[in-house]
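Q: Take a look at the following structure, please.
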Amino acid sequence: MTSVQASRGLLEPLGRTRVMGVVNVTPDSFSDGGAYPTAVDAVRAGLAMAAEGADIVDVGGESTRPGAGRVDPAEELRRVLPVVTELAAAGVAVSVDTTRPAVAEAALAAGAAVINDVSGAADRDLLAVAAERAVPYVLMHTRGVSADMATRAVYGDVVSEVVAELRERLDAVFAAGIAPERVIVDPGIGFAKESGHNWTLLAHLDAIAALGHPLLVGTSRKSFLGSLLADADERPRPAGERDDATQATTALLAADGVWAVRVHAVRAAADAVRVVQAWREAREWRARPAGGGPAPAERTPARPDSAVSDPGTSDPGRSNPGTSDPGVSARGAFRLPPTSAV
């Protein structure tokens, strides 16, 4: 199966948020570094994620945790390629998490369906690969590289600045020939952002969705959750013990209509997405006209309603984007009701 064949349908309406499972074939990733010491282990993990409900498995061979150094391109390719090859051959939709054009090219040739670029479109050659292969491309917001991103987490208004920087990088993406309909945007939770920045961005995803592209959001096990769950001595909750909090964010993100969530614990995330879908359907059934008839068609979270027709009409620099209907987000997606309504 070619990468183009595998990517078909990934951006089509699905009626729910997709789940992207994470397989880091690295010794030093912040959560699962060293969990898959061989390609066989990583393939087994990816297949298990697919069985548990992952729509996409994201394979990476270089840690992007804050402070991490770079690995040799040949080593990254050695880690990634056999895993991508086996998963794609088994029919799994694979995303390759890389910032290097040679790794992306090889992974796509092996059957990967998506390029997940965490560099913020820093490499023109990588953009050229995505344009030539016509596959979905994830543009993530970041500043700098892993080694120094923490020093760049300085914002006056994090929402307007992130949106402005994403818009600038989108111009570069389009100039490289990548079709707008193949672009996915990731706000880059945890990348050059402190804990408060992450919460603010999550609370104002409408401003990012107004750029007009599906959203991929990764909160899984990240340090801002560890800080939130710190013990009485202010010691952050360890990464491996943040899955419950992660699934809370997964449910909220699914209710908010994002295209996909990127997670380590797939089964719990897939369950959360199914719960949100059932809740949405039940609310829509309740809202049927008294005369009966079929339940209203489910709104799809795959592409923001308000962002598709004219993304330039919104004001992404607003610090508090809102909506006239408290039960519906600016992207036309279901929102969880307030506590008093539950």
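Remember, my numbering sits 13 above the position in the sequence shown when you count from 1. The C-beta atom is built at its ideal place from N, Cα and C for all residues, glycine as well. These numbers come from a predicted model, not from an experiment.
#1: Pull up the distance between the alpha-carbon of A282 and that of V230, whole angstroms please.
#2: What is the rounded straight-line gap between the Cα of R21 and the Cα of E145?
#3: From A141 to L121, what does the alpha carbon distance come to, in whole angstroms?
#4: State whether the region 45–59 contacts the region 193–212, with contact taken as three or more CB pairs (one from each stretch) at a distance under 8 Å.
#5: Based on DSSP bridge pairs, tell me the residues matched to D130.
#6: Whole angstroms is fine: what's the gap from V116's alpha carbon to L90's?
#7: Cα-Cα, which of I202, A106 and V107 is closest to A163?
#8: Should the region 262–280 be called in touch with the region 219–233, which here means at least 3 C-beta pairs below 8 Å?
#9: Helix, strand or coil for L27, going by three-state DSSP, please let me know.
#10: When DSSP labels each residue in this structure, what does R165 get in the three-state scheme?
#11: In terms of alpha-carbon separation, which member of E65, V109, D54 and L241 lies closest to S76?
#12: Less than 8 Å between the C-beta atoms of V276 and V35, yes or no?
#13: Is it right to say P200 is buried, meaning 16 or more other beta carbons lie within 10 angstroms of its own, or is it exposed?
#14: Let me make sure I understand the geometry here. Which of R29, L24 and E25 has the alpha-carbon closest to that of R287?
#15: Quick check for students: name the residue ranges of the alpha helix (DSSP H) that lie wholly in the region 272–307, counting only runs of 4 or more.
#16: Counting along the chain, where does the beta strand (DSSP E) carrying S233 start and finish?
#17: Quick one: grab the DSSP three-state call for R21.
#18: For I221, report the span of its alpha helix (DSSP H) as first-last.
#19: Looking at C-beta atoms only, is the number of pairs between the region 97–109 and the region 51–63 that lie closer than 8 Å three or more?
#20: Considering only their Cβ atoms, is the gap separating T112 from V131 smaller than 8 Å?
#21: Taking the beta strand (DSSP E) that S108 falls in, what are its first and last residues?
#22: Which partner residues of N37 appear in the DSSP bridge assignment?
#23: Quick check: P149 and L265, are their CB atoms within less than 8 Å of each other?
#24: Can you have a look at R156 and say buried or exposed, based on whether 16 or more other CB atoms are within 10 angstroms of its CB?
A: Taking the definition as stated:
#1: 13 Å
#2: 16 Å
#3: 13 Å
#4: no
#5: L152
#6: 6 Å
#7: I202
#8: yes
#9: coil
#10: helix
#11: V109
#12: yes
#13: buried
#14: R29
#15: 279–299
#16: From DSSP, S233 is part of no beta strand (DSSP E); its letter is neither H nor E.
#17: coil
#18: L218 to A222
#19: yes
#20: yes
#21: V107 to D110
#22: G73
#23: no
#24: buried
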